[in-house]
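Per our numbering: the sequence shown = residues 543 to 874.
Data first, discussion second: the structure below is written as structure tokens.
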Amino acid sequence: MKSNKLVMVSLLAAALCMVAVTTVSAAPIVIKFSHVVAENTPKGQMANKFKELVEKKLPGKVEVEVFPNSQLFGDNKVLEAMMLGDVQMAAPSLSKFKKYTKSLQVFDLPFLFDDMAAVDRFQQGPAGQKLLHSVESKGLLGLGYLHNGLKQLSASSPLRVPADAKGKKFRIMSSDVLAAQFEAVGAMPLKKPFSEVFTLLQTKAIDGQENTWSNIYSKKFYEVQPYITESNHGLLDYLVITSTEFWNGLPDDIRVEVKKCLDEAIAFGNKVAAEKSVSDRQKIIDSKRSTIIELTPEQRQQWVDKMKPVWKKFEDEIGKEYVNAAIAANKK
Ligand code: LMR
543 MKSNKLVMVS
553 LLAAALCMVA
563 VTTVSAAPIV
573 IKFSHVVAEN
583 TPKGQMANKF
593 KELVEKKLPG
603 KVEVEVFPNS
613 QLFGDNKVLE
623 AMMLGDVQMA
633 APSLSKFKKY
643 TKSLQVFDLP
653 FLFDDMAAVD
663 RFQQGPAGQK
673 LLHSVESKGL
683 LGLGYLHNGL
693 KQLSASSPLR
703 VPADAKGKKF
713 RIMSSDVLAA
723 QFEAVGAMPL
733 KKPFSEVFTL
743 LQTKAIDGQE
753 NTWSNIYSKK
763 FYEVQPYITE
773 SNHGLLDYLV
783 ITSTEFWNGL
793 PDDIRVEVKK
803 CLDEAIAFGN
813 KVAAEKSVSD
823 RQKIIDSKRS
833 TIIELTPEQR
843 QQWVDKMKPV
853 WKKFEDEIGK
863 EYVNAAIAAN
873 KK
């Protein structure tokens, strides 16, 4: 009787020990989220919200470490690092995937979308959802789209008509469509990382660049660019991306919960994007450091006429189904 009791107690102690060991040894899954922009931007806010939600919903199970301002990787390195497992999530601009797929170039076609509602319709429709998987054969998976907004042209001299851009050097993201877009107006495009743009502008190594209001404001481009043309000529949105190996390796229940947190963080980031496209524009006006040029319909049409022929050059490699679906998304 006594020895039975002793066996029971020993078994219980051993079981408790095992539970304790498992609990202590189950280290949380770490998601390193790397991005290149400031924290007070749509992407910066989205990443921070994602961390907050994940760590609230999955305490002790998943930790998110956010690295803003190209602290960990620039956009030219982040996808390679992701495939090596050095970073688990990122949200590069859709213009930075050319090494992995040609189809995402659709988002760079100038004057393609009438407004952000059309962008939404395209991204959430069948063609946009299919594009989330366009990098899967390379070991990457798009988890969702995040908005920043429409791009404006900033420069050291006023740009009202395409001829004003002739011979000027513009920094662009690593996209051949964007290169062709600037070449179409006789300008010289230079592919450079985001982290170098301010210095290039400040030292006058380049004359201008294209970006959204929130990037122009948060990175202080407006302090070194006396003119900003409100052209709304193209889109800057992001693909929230992970590696298929990391994503498929997550336990099912964790993956479902992380995805829910991400969807909520993206919805929050999109709200921030809409607000900032108005408030950061206003802050730039209030600073009086840069003059905002509003185009007349005739002036805008001149930019459209020069840049839109770029579509033809790229539609085969992008895939006509995507270009047509994007055009159709403009109709409400
Ligand atoms: C840029 O390089 O201009 C942008 O893609 C930066 C960003 O991520 O918004």
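In this text, a Cβ means the ideal position worked out from N, Cα and C, and glycines have one as well.
Since the model is a prediction, treat every value here as computed from it, not as a measurement.
Quick one: measure Cβ to Cβ for residue i and residue j, integer angstroms, because I've assumed they're closer than 8 Å.
i: L732; j: K711; result: 6 Å
i: F615; j: S576; result: 5 Å
i: Q844; j: P704; result: 6 Å
i: L683; j: T786; result: 5 Å
i: G750; j: L695; result: 6 Å
i: V572; j: E607; result: 6 Å
i: Y642; j: V604; result: Wrong, their Cβ atoms sit about 26 Å apart, outside the cutoff.
i: S717; j: Q647; result: 7 Å
i: L673; j: S645; result: 6 Å
i: L778; j: N753; result: 7 Å
So, at 7 Å on beta carbons, what are the nonlocal neighbours of residue i in its own chain, with the 5 sequence-adjacent residues on each side left out?
i: I748; result: K711, F712, R713, L732, L742
i: L720; result: S637, D650, I714, P731
i: L595; result: C803, E806, A807
i: E863; result: A669
i: N582; result: S760
i: K848; result: P704, A726, V727
i: R663; result: A871
i: D628; result: none
i: E799; result: K599, L600
i: I882; result: The structure shown does not extend to residue 882, since the chain is modelled only from 543 through 874, so no value can be given for it.
i: G667; result: A867, A871
i: T565; result: Note on T565: pLDDT 49, under 50, position unreliable in the model; the coordinate value appears next. For T565, where only same-chain residues beyond five positions count, there are no Cβ hits under 7 Å.
Cβ of residue i within 6 Å of any heavy atom in the ligand COA?
i: N753; result: Looking at this structure, you won't find the ligand COA anywhere; what it does contain is the ligand LMR.
Could you pull out every residue in the same chain whose Cβ sits closer than 6 Å to the Cβ of residue i, ignoring the five residues on either side in sequence?
i: S819; result: G691, W755
i: F788; result: Q630
i: P634; result: D617
i: D858; result: none
i: V814; result: P584, Q587
i: G776; result: P652, K693
i: A729; result: A707, K710, F712
i: G861; result: S645
i: M624; result: S785
i: C559; result: Reliability fails at C559, whose pLDDT of 47 lies under 50, so the model's placement of it is uncertain and no value is given.
Looking at the ligand LMR, does it come within less than 6 Å of residue i, judged from the CB to the closest heavy atom?
i: M631; result: no
i: N757; result: yes
i: M715; result: yes
i: V661; result: no
i: V578; result: yes
i: F763; result: no
i: F736; result: yes
i: S635; result: yes
Between residue i and the rest of its own chain, which residues show a CB-CB distance below 8 Å, the 5 nearest in sequence each way excluded?
i: V852; result: L651, P652, V719, A722, Q723, A726
i: K585; result: H577, V579, A633, L688, N690, Y780, G811
i: R702; result: T771, I835, L837, Q841
i: F740; result: K761, K762, F763, V766
i: H675; result: L683, G684
i: V563; result: Residue placement at V563 is poorly supported in this model, since its pLDDT is 46, which falls under 50; the coordinates still yield a value, given next. Hits under 8 Å: none found.
i: K855; result: A722
i: I796; result: I571, L600, K603, V604
i: K619; result: none
Practice prompt. Would you be able to state if there are at least three C-beta pairs under 8 Å between the region 768-779 and the region 831-842?
Written response: yes
Discussion item. Does the structure place the region 734-741 close enough to the region 859-868 that three or more beta carbon pairs sit under 8 Å?
Written reply: no
Worksheet entry | At least 3 beta-carbon pairs within less than 8 Å: the region 596-610 vs the region 643-663 | No contact exists between the region 596-610 and the region 643-663.
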